[in-house]
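Taking the numbering used here, the leading residue of the sequence shown gets 1, the next gets one more, and so forth.
Virtual Cβ for every residue (Gly too), placed ideally from N, Cα, C.
To keep things clear, I will list the structure first and then write my remarks on it.
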Amino acid sequence: MLIISGAFGLFHKDTVVGIGGYRHDTLGEDMELVVRLHRHLRLTGKPYRITFTPDPVCWTEAQEDLKTLKNQRIRWQRGLCESLTKNLDLLCHPKGETVGWLAFPFMALFEWLGPAIEVFGYLFVTVGD
């Protein structure tokens with residue numbers, strides 16, 4: 001699991017403080033924190049567990065117009081890109097285990113590069129007709 005929404009995340013304080021806490025230079029600070037926790041704890045060989053509960057209760061506000069939704073999606077995409085690029089040494093690292101060999105490559109291929117591949121596909125289909 002590479003993403004835990006900031007509204008739902010509970011973290012061991014000493015561990016988060018030990019890796020420098022939330023970064024202030026990223027848009028997706030909640031994802032970046034989780035990826036950095038994985039990277040630090042995997043590469044140092046410390047045992048840990050990041051888990052979730054499937055039924056949290058929290059109120060949120062849905063976007064009310066397309067412009068706000070577009071801005072949110074752009075912010076999320078930029079946050080994803082920053083989180084992955086700032087923690088690239090976790091990608092396929094021998095100590096990365098499932099996170100470094102499965103979750104990180106999945107996010108890089110399908111979430112990070114996916115929009116570009118989709119646009120290419122639409123152009124290819126349109127021009128290929």
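Hey, out of the options, whose CA is closest to residue i's CA?
i: Phe11; options: Gly128, Arg49, Thr26 and Phe110; result: Arg49
i: Val34; options: Asn71, Gly45, Phe104 and Asp55; result: Phe104
i: Trp112; options: Leu27, Glu82 and Gly128; result: Glu82
i: Arg42; options: Gly100, Met107 and Phe8; result: Gly100
i: Asp14; options: Lys67, His24, Leu37 and Lys70; result: Leu37
i: Met107; options: Glu97, Val125 and Leu91; result: Leu91
Starting from residue i, follow the alpha helix (DSSP H) in both directions and report where the run begins and ends.
i: Gly121; result: Gly114 to Gly128
i: Arg42; result: Glu29 to Thr44
i: Gly21; result: That residue, Gly21, is in no alpha helix (DSSP H); it is neither H nor E in DSSP.
Assuming residue i and residue j are in contact, meaning their beta carbons sit under 8 angstroms apart, how far apart are those beta carbons, in whole angstroms?
i: Met31; j: Ile3; result: 5 angstroms
i: Gln63; j: Gln72; result: 6 angstroms
i: Asn9; j: Gly79; result: Asn is not the amino acid found at residue 9; the sequence shown has Gly there. Not confirmed; about 14 angstroms, so no contact.
i: Arg23; j: Asn87; result: The pair is not a contact, with the Cβ atoms about 11 angstroms apart (cut-off 8 angstroms).
Could you tell me whether the Cβ of residue i comes closer than 8 angstroms to any Cβ of chain D?
i: Thr26; result: Protein chain content of the structure displayed is limited to a single chain, and chain D is not contained in it.
Discussion item. Extract the residue ranges of the alpha helix (DSSP H) inside the region 59 to 111, only unbroken runs of 4 or more that lie entirely within it.
Written reply: Here the runs fully enclosed are 66 to 86.
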